[in-house]
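J.: Note that this note's numbering has the sequence shown beginning at 982, numbered continuously upward.
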Amino acid sequence: MKVKIDIDCTPAEARAFFGLPDVTPLNEAMVKEMSRRMKENMSSLEPDALMKNWMSVGGQMQDQFMALMRQAGTPSKD
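So this is what it looks like as structure tokens:
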């Protein structure tokens, strides 16, 4: 035996029926805050600024790796 029930309701009505909270105000606040942060950081998304940041970190990491390899290659004096 199969029973099929079609319910036509909005998401808000379904939420209320199941007793779930309405998170619309929270969602709107989070979207607004994320938009504000993205607008503030838009200049850091420019390609030349990104490359400058990545290259400075990459260069430092390369220098640290080379220092580690030099240190590993020197014989100990024990």
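Ideal Cβ positions, reconstructed from N, Cα and C, are used throughout, including at glycine. Every value quoted in this text rests on a predicted model; they were computed, and no experiment measured them.
Compare the C-beta of leucine 1049 against all C-beta atoms of chain D and say whether one is closer than 8 Å.
T.: Absent from the structure is chain D; it holds one protein chain and no more.
J.: How about arginine 996 and aspartate 1003: do their beta carbons lie closer than 8 Å?
T.: Yes, the Cβ-Cβ distance between arginine 996 and aspartate 1003 is below 8 Å.
J.: Tell me whether asparagine 1022 sits in a helix, a strand or coil according to DSSP, three-state version.
T.: If DSSP states are grouped into helix, strand and coil, asparagine 1022 belongs with coil.
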